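Here is the structure we will look at.
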Amino acid sequence: MSDAIAIIGGTGLCDWESAETIASQTIPTPYGEASAPLRRMRFKGSEFVFLPRHGDGHRFPPHKINYRANIWALESEGIGKVIAVNAVGGIHPDCGTGALVVPDQIIDYSYGREHTFYDGSDGRLDHVDFGEPYSTHLRSRILAAGQQLKMPLVDGGVYACTQGPRLESAAEIQRLQRDGADLVGMTAMPEAGLARELGLEYASLCLVVNPAAGLSSEPITMADIQKVIDSGMQAVKQVLAAAVNA
Ligand code: HPA
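As structure tokens, this is what we get:
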């Protein structure tokens, strides 16, 4: 498996102005266009390929992202490892606003997304193992980066992937809580499943940007979320750079 590493940036990490762009390339795929050109970037001595999941300027809502083209483009460029960044709502008390979490499980509540490369169109079929949806090795690398930087990261958590783009009702969050979810976001799937289908190592670094619906007395506003993103993404970038270098 290739050691080349890609970072898929989520909400709050659509562009990485403080990083130097070394090259940028639009990759054709059988599934259409990826969210953006793949950018080879350098940050604090670390080199990686960067792909903003929502496109340049945050154009694509979670259910309209071309996840298959994104993962295909990365694999076809020789990427073997992907660190995904996801902004999420916190459900478990350990996942308070501003926390950085490295989840270890996923429950998929999304629907109607192109979610597999094995869609029967070319006669190929496989059922990949997804018991451990995130790569243990890559998760350890992210956690070690946090330790090295003396930044506390939450080790493990169940990511519930909802359809969006609206946020959840309080009752929906209570249901996710009963299901065992610790975090809620809209973009882990089908991305993680597609990465597994193409044999890429995949892990996620989540920034908790709000308490999930019904868990705080205040309504969730984009203005409040933005404040958390502005401060939290600085920490995310430090951890990513250290994890890439590890
Ligand atoms: N729910 C779903 N997705 C999210 C949330 C949320 O509360 N916050 C950030 N992404």
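Here my numbering is used: the first residue of the sequence shown is 2, the next is one more, and so on.
Heads up, the beta-carbon is just placed ideally off N, CA and C, and yes, glycines get one too.
Values in this document were obtained by computation on a predicted structure and should not be read as measured data.
Let me confirm a value: VAL89 is counted as buried when at least 16 other C-beta atoms fall within 10 Å, else exposed. Which label applies?
It counts as buried.
Taking the continuous alpha helix (DSSP H) assigned at GLN149, which residues delimit it?
Where GLN149 is concerned, the enclosing alpha helix (DSSP H) stretches over 137-149.
Quick one: is the Cβ of GLY215 within less than 6 Å of any heavy atom of the ligand HPA?
Not so, every heavy atom of the ligand HPA lies at least 6 Å from the Cβ.
My guess is that ARG114 and TYR68 are in contact by the Cβ rule of under 8 Å, so how many angstroms apart are they, rounded?
7 Å between Cβ atoms; contact.
In this structure, what does DSSP give as the bridge partners for GLN106?
VAL159, per the DSSP bridge assignment.
How many Å lie between VAL83 and THR222 at the Cα?
In a straight line, the C-alpha of VAL83 is about 30 Å away from that of THR222.
Since PRO134 and GLN106 should fall inside the 8 Å C-beta cutoff, what is the C-beta to C-beta distance between them, to a whole number of angstroms?
Contact flag correct, Cβ pair sits at about 7 Å.
With a threshold of 16 other CB atoms inside 10 Å of the CB of THR137, please say whether the residue is buried or exposed.
Flag for THR137 reads exposed.
Using a 10 Å radius around the Cβ and a threshold of 16 neighbouring Cβ atoms, would you call LEU126 buried or exposed?
Looking at its Cβ environment, which holds fewer than 16 other Cβ atoms inside 10 Å, LEU126 is exposed.
Within 10 Å of its beta-carbon, does PRO191 have 16 or more other beta-carbons around it, so buried, or fewer, so exposed?
The residue in question, PRO191, is buried, as its Cβ has 16 or more Cβ neighbours within 10 Å.
How would you call MET187, buried or exposed, if buried means at least 16 neighbouring beta carbons within 10 angstroms?
Its Cβ being crowded by 16 or more others within 10 Å, MET187 is buried.
Could you give the uninterrupted runs of the beta strand (DSSP E) lying entirely in the stretch 154-228, keeping only those of 3 residues or more?
DSSP runs (the beta strand (DSSP E)) wholly in the stretch 154-228: 159-162, 184-186 and 202-212.
State buried or exposed for LYS238, treating a residue as buried only when at least 16 other CB atoms are found within 10 Å of its CB.
Under this definition LYS238 is a buried residue.
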